[in-house]
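Numbering (my numbering), first residue to last: 1007 to 1083.
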Amino acid sequence: MITFKELNGIASTFISDLLTIYQPSRTLRSASGYHLTVVHCAAKFDGNRSFAFAAAQLWNNLPANIQLAPSRGTFKS
C-alpha cells in the first residue's frame, strides 16, 4: 500500500526518496506498467531487509492489472 501511494503521488517525500521508477534504456513491452529499480547493497543481509529492496521486489512481482489499479480501494481488493 505504501508503494502504491508513492507511485500515485500521495506518500510522504521520505518514502518517495527511497523508491526509483525503472527507466529502461530502450523501449520494452514490459514498460507498460510501473517497475521499480531494485537497490542492491554491498551488505548482503542488511540490504535485503531494507524497505527500498523489499518494496521494489514485491511491487515488480505484482501483475500489471494490480500495479495499474485506478484507486486505493481497487488496489486493496
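Heads up, the beta-carbon is just placed ideally off N, CA and C, and yes, glycines get one too.
None of the values given here were measured: they were computed from a predicted structure.
Worksheet entry | Backbone secondary structure at Ile-1021 - three-state DSSP | One-based indexing of the sequence shown puts residue 1021 at position 15. The answer is helix: DSSP assigns Ile-1021 an H, G or I state.
Worksheet item: With respect to the alpha helix (DSSP H) encompassing Ile-1072, which residues constitute its N-terminal and C-terminal limits?
Response: Stepping through the sequence shown from its first residue, residue 1072 is reached at position 66. Segment 1070-1073, the alpha helix (DSSP H) holding Ile-1072.
Item to complete: Mark Ala-1061 as exposed unless 16 or more other C-beta atoms lie within 10 angstroms of its C-beta, in which case mark it buried.
Response: Stepping through the sequence shown from its first residue, residue 1061 is reached at position 55. With 16 or more other Cβ atoms within 10 Å, it is buried.
Worksheet item: Does the separation of the CB atoms of Gln-1073 and Tyr-1040 fall below 7 Å?
Response: As a position in the sequence shown, residue 1073 is number 67, starting the count at 1. As a position in the sequence shown, residue 1040 is number 34, starting the count at 1. Yes; because the gap between Cβ atoms is below 7 Å, this pair is in contact.
Fill in: Ile-1008 (DSSP reduced to helix, strand or coil)
What you label residue 1008 is simply residue 2 of the sequence shown in a count that begins at 1. Of the three classes helix, strand and coil, the one that applies to Ile-1008 here is helix, per DSSP.
Discussion item. Rounding to the nearest angstrom, what Cα-Cα distance links Ala-1058 and Ile-1008 in this structure?
Written reply: Stepping through the sequence shown from its first residue, residue 1058 is reached at position 52. Stepping through the sequence shown from its first residue, residue 1008 is reached at position 2. Taking the straight line joining both Cα atoms gives about 11 Å.
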